[in-house]
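>
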Amino acid sequence: PETILVSIMHANNEIGTIEPIPEIAAVCREKGIMFHTDAVATVGNIPVDVNELNVDLLSLSGVSLGAPKGV
Numbered sequence: 004p005e006t007i008l009v010s011i012m013h014a015n016n017e018i019g020t021i022e023p024i025p026e027i028a029a030v031c032r033e034k035g036i037m038f039h040t041d042a043v044a045t046v047g048n049i050p051v052d053v054n055e056l057n058v059d060l061l062s063l064s065g066v067s068l069g070a071p072k073g074v
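Structural data, given as structure tokens:
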């Protein structure tokens with residue numbers, strides 16, 4: 004089966020590694036594969052520019068932006 008989606012954490016919340024998302028996204032784009040990154044641990048902690056990351060999909064938590072828990 005062909006790969007249709009790659010999903011990688013932007014940063015690991017336990018050990019602190021930050022993945023090279025723009026580079027991974029570029030490889031996915033070259034191959035026509037959708038790319039998602041989980042930025043829950045990074046939004047609100049380090050600058051996150053969706054255009055610079057070049058991702059198709061990005062997840063974040065409203066709490067990181069000051070929303071009440073559960074939003």
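Take any residue in the sequence shown, count from 1 to its spot, add 3: that is its number in the working numbering.
Virtual Cβ for every residue (Gly too), placed ideally from N, Cα, C.
1. What's the call for Asp52, buried or exposed, on a 16-neighbour Cβ count within 10 Å?
2. In terms of DSSP beta bridges, what is Ser62 paired with?
3. Give the single residue among Asp41, Val9 and Met37 whose Cα lies nearest to the Cα of Asn15.
4. My assumption, with CB atoms under 8 Å, is that Ile11 sits in contact with Glu22. Please give the rounded CB distance.
5. Grab the span of the beta strand (DSSP E) containing Leu56 for me, first residue to last.
According to the data block:
1. exposed
2. Asp41
3. Asp41
4. 6 Å
5. Here Leu56 belongs to no beta strand (DSSP E); instead the alpha helix (DSSP H) covers Val53 to Leu56.
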